[in-house]
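Notes follow the structure.
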Amino acid sequence: MSAAGGGGAYSFSLTTFSPSGKLVQIEHALAVVAQGTTSLGIKATNGIVIATEKKSSSILVDESAIDKVCVICPNIGIVYSGMGPDYRVLTAKARKSAQAYWKIYGEYPPTRVLVQSIATVMQEATQSGGVRPFGVSLLVAGWDSHRGPTLYQVDPSGSYWAWKASAIGKNMTNAKTFLEKRYNDDISLEDAIHTALLTLKEGFEGQMTEKTIEIGVITVPTAEEIAEVPTGGARVKPVFPYMDGPLRSVSWVSAKTGQQSVPEAVDSDLPKLAQKPPTVRSQSIRSGTSEPPKPKVHVSLARRLLFPALLPTSPLPPILMLDLSEDDPVLVELNKELYDFLALSLRAFVQTWWGQITPRDRDLMPQITRVLTHVIQDIERRASRIDLSDLVLRQVPALVDLHLSDYRVAAMRIDTAFTNTSPSPTIQGLFHMLQPHVAIQTNQEPGAPIISQIYLRQLVENILRLSLPPEDWESETERCIVREIVACVVLGNMFKKFAQPWFLHQIVLGYSRMVRKSKKSLARFQVPSVQVLVIFVLSAMQTISSLALSIISTFQYLVALTHAANRAYERRKSRQRRNTSDLGLRSMCLSIASEVVLIHVFCSRLIPFMLSRMISPASLTVAIQTGKRALFPNDGWPGPAPAEPTIEEQLLLREQLESRLGELCQPWLANVLLGNSRKIQALTIKQALDPFSESAEINSHLLVILLDLVVSELWPELSKPS
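Just so we're aligned: 285 in the UniProt record's numbering is position 285 of the sequence shown, and the numbers increase by one with no gaps anywhere.
Here it is, written out as C-alpha cells:
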C-alpha cells in the first residue's frame, strides 16, 4: 500500500506491529499531534497552569466559540494538541465519567482516577482493527486531597505519565528545552504563569495577545475551604459542564480588551488570582441554569459512604471501646482508622458493582456497616473473657510443636520402604495423612486455593449466626455480602498469601533488616555539644541519687522484715518441743519452694501485662494503617497483584534468610543454641526453616488449625457437638 501523497509504503494495520516493534497507526497519530498547536502545563507549589495557542484559520471565525482549555469538573481541567473532534469526544466521556463518580461516591474524582478512565478509552481504540487511534494528546491538570496538584500527559496509545512540566504539539521540543532551563521545584503559581507565557512566545508566530492564547489555572484550596461544611449536613451540589461539548466563554485572564500584550494583562490580575476559589478556571463560564462552583467540602469517606444521614458535626459512633473512655485520643484514632479501613474495603469490593446495579441506592453500605460493627463488638466482648496468656504461651506453641513433629515424621518416611508404592507419595501427602483436615484441598492446580472456600463460608456463616442480633441475621442479602467479603476476600486472600514460604521469608527478612538498621543507628556516635554533656551529667546525677535512695529504703525494709521474721521464729521455737535434726534440710526445701512460688506469682502477673501492652489500641492502630497501605496503595484503591518471585528468586530469599539469621545471633549464644561450628549452625538453621519452607499446602495445615483454635476460644459454642 502506498501512502497518500508520499509515494512511500506503510501499513494501514492497527493491530500489527512493525519490524521495529511499533504500531504504525499510533506513530501516525503522534504525527498528527506534532502538527497541532503548542500546549503546555506547569505544576507549581500552590497550583497548576495549563496554556495553549488559540489561532483561527480566518478572521471571519468567531473566536468566542473556540475553547481549547476545558473544565471537566471543578477540580480538573484539560487541554489538547491534535484533532479537535477527537478532543471533543474525549472531553464528553471524561465529564460523564466524573459525573458517574459523583453519583456513586458523592465527591469529584481524584485526578489520577479520571486520567485512568480517559487513558482506558484511548487504549481501547488500539485493540482491534476497523478503528483508528485518537489523534490527540492531552494534558490533564487537577487537585485532590490524595496527591495535591498533579499534571498528567495522555498519548494516543493510552499511556500516561505524571509530569512536573510538559509540552505537546508543534513546538514541543523547543518548549520542553526551555522549561528544563526555567523550571524548579519551588516555582510559585505566578511565576509558572509567566514561564508558560514566555515558553509559548519562543515559537509563537505573529503577535501574542489575549485573543491568541488561552490559559487555565488550578489553585490549591486553603485549610478553611477544605474544612468548610455546609449547614444542615447537606451535600455540596455537584457542578458539571454540559455533556455535549465545550462551554461558551468569555475571557477571565484579563479584563482588558484590544491589542494589549498578555503578560501585562496577566500582571494586572495577579492579586485577584490568589483570592479565587479552588476550582479550575479557564476561558469559560456556565451557561443556562448551571450554578457557579461552590468550595469543596472535605468530609471523610467513612462519613459519606457509611453514615450518609449523619450530621457533619456529629461524631461517628465508636466501634471498639477496650474499657477506655470515648474521648480517649488513642481510642478515637483507632476507631477512625477502623472506619476508614471499612469504607475503603466496601468501596473497592462492594460499591464498584453495586453502584452499577442501583446507582441511587445509599442504604446498603450503612446496613453492611451495622452488621460488621455488631460482629467486631461481639469479638471484643468475647476476647475480653478468654485467657490470652494461656492461648499465646501454651496452646499456640503446642500446635506449632505438633506441626514440626509431623513434618519431621513425614520427611523421615519419604525415604523408607513405606513409600514404595505407585504413585510415589510426597511429603505433602504424608503430612496430610498425619493431619487430615476437611478444609485442606490436596493436589490443587497452581494458583487454586488450598483452603476450601466452602469451609470458610460455613465458618463465617456460623460466626454471624452467633454474633448478630435476630433482625440482622434475617437479612439474607446483607449476611451473604458480609460472608463473602470476610470469607473470600479477607480470609481467603490472607491465608493464600501467608501460606507461601517465600512470603514468610520476605516478612522475616524485612523484620531482620529493620533490627539491623536500628542497631546501626544506635552504633553511630556523634560528638555531643557542651549543653548535651551538661544535661547528661545532671540527669545521671539525678538518676544515681534516686537509685541510691531506693536502695537504702529497700535495705531498711528488708532489715526490718528480717528482724520481724526472726522474732516470730524464736517465739514459735520456744513453744514447740520436737526433734529438729532435719530442720536445715526442710528449711532449705521450703525456701526453694517459696522462691519458685514467688517467681510463678510474679510471672503470672508479668506475662498478661506484657501481652496487654503488645495488644494495645496504639498497636492495633498501627496494624490497621499497615493493612491499609498494603491493600489499598493506589490512592485508596487496591493495587495490582505483585508478581510472585521465580523459583530462583525464592531459593535466593531462603539463602538470604539463613545467612541473616546466622548473623543476628550472637556468637556465644549461637554456640549454645545452634552448635559449636559454622557448619553445624547453618545446618541447624536450615532444619528449623524446613517445616515452613516445604510447600504452601503444609503451611496451610498450620494456618487452619490456628484458625480453628482462635474460633473455638472466641465461640466455644461451635466446638460443642450438635
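Don't be surprised by glycine CBs; every beta carbon is placed ideally from N, CA and C.
Since we're looking at a predicted model, the values are computed, not measured.
Just to confirm, is the Cβ distance from residue i to residue j under 9 Å?
i           : j           : result
residue 79  : residue 139 : yes
residue 686 : residue 649 : no
residue 144 : residue 164 : no
residue 476 : residue 299 : no
residue 344 : residue 301 : yes
residue 160 : residue 94  : no
residue 761 : residue 208 : Within the shown structure, residues of the chain are numbered from 1 to 722, placing residue 761 beyond reach of any answer.
residue 508 : residue 661 : yes
residue 464 : residue 473 : yes
residue 404 : residue 346 : no
residue 455 : residue 698 : no
residue 384 : residue 323 : yes
residue 114 : residue 137 : no
residue 142 : residue 174 : no
residue 206 : residue 51  : no
residue 338 : residue 354 : no
residue 47  : residue 153 : no
residue 664 : residue 512 : yes
residue 199 : residue 167 : yes
Ends of the alpha helix (DSSP H) at residue i?
i           : result
residue 191 : 189-202
residue 378 : 364-383
residue 698 : 696-714
residue 357 : 352-357
residue 32  : 24-34
residue 123 : 111-124
residue 209 : No alpha helix (DSSP H) contains residue 209, which DSSP labels as neither H nor E.
residue 179 : 172-182
residue 496 : 493-498
I need the boundaries of the beta strand (DSSP E) containing residue i, first residue and last residue.
i           : result
residue 163 : 160-163
residue 153 : 148-154
residue 144 : 136-144
residue 43  : 39-44
residue 69  : First-last for residue 69: undefined, no H or E at that position.
Quick one: grab the DSSP three-state call for residue i.
i           : result
residue 300 : coil
residue 214 : strand
residue 476 : helix
residue 55  : coil
residue 80  : strand
residue 330 : helix
residue 61  : coil
residue 551 : helix
residue 487 : helix
residue 349 : helix
residue 615 : coil
residue 286 : Residue confidence is low: residue 286 scores 33 on pLDDT, short of 50, so the model does not pin down where it sits. Its coordinate-derived value is still stated next. It is coil, neither helix nor strand.
residue 579 : Only weak support is given to the placement of residue 579: the predicted model assigns it a pLDDT of 48, under 50, and the question is left unresolved by the model.
residue 389 : helix
residue 166 : strand
residue 17  : strand
residue 510 : helix
residue 313 : coil
residue 47  : strand
Heavy atom of the ligand ATP less than 8 Å from the Cβ of residue i, yes or no?
i           : result
residue 715 : The ligand content of the structure shown is nil, which means the ligand ATP is not present either.
Round the Cβ separation of residue i and residue j to the nearest angstrom and send it over; I've been treating them as touching at under 8 Å.
i           : j           : result
residue 330 : residue 623 : Not a contact, Cβ separation roughly 14 Å.
residue 150 : residue 189 : That pair is no contact at about 15 Å.
residue 684 : residue 674 : 4 Å
residue 366 : residue 308 : 7 Å
residue 211 : residue 53  : Not a contact, Cβ separation roughly 11 Å.
residue 38  : residue 81  : 7 Å
residue 369 : residue 342 : 6 Å
residue 632 : residue 348 : 7 Å
residue 427 : residue 441 : The Cβ separation is near 17 Å, so there is no contact.
residue 430 : residue 414 : 7 Å
Could you pull out every unbroken alpha helix (DSSP H) segment of at least 4 residues lying fully inside the stretch 632-688, listed in chain order?
-> Within the stretch 632-688, the complete alpha helix (DSSP H) runs of at least 4 residues are 647-664 and 667-673.
Ordered list of alpha helix (DSSP H) runs contained in the stretch 405-459, each at least 4 residues = If we require 4 residues or more, the alpha helix (DSSP H) runs fully inside the stretch 405-459 come out as 427-434.
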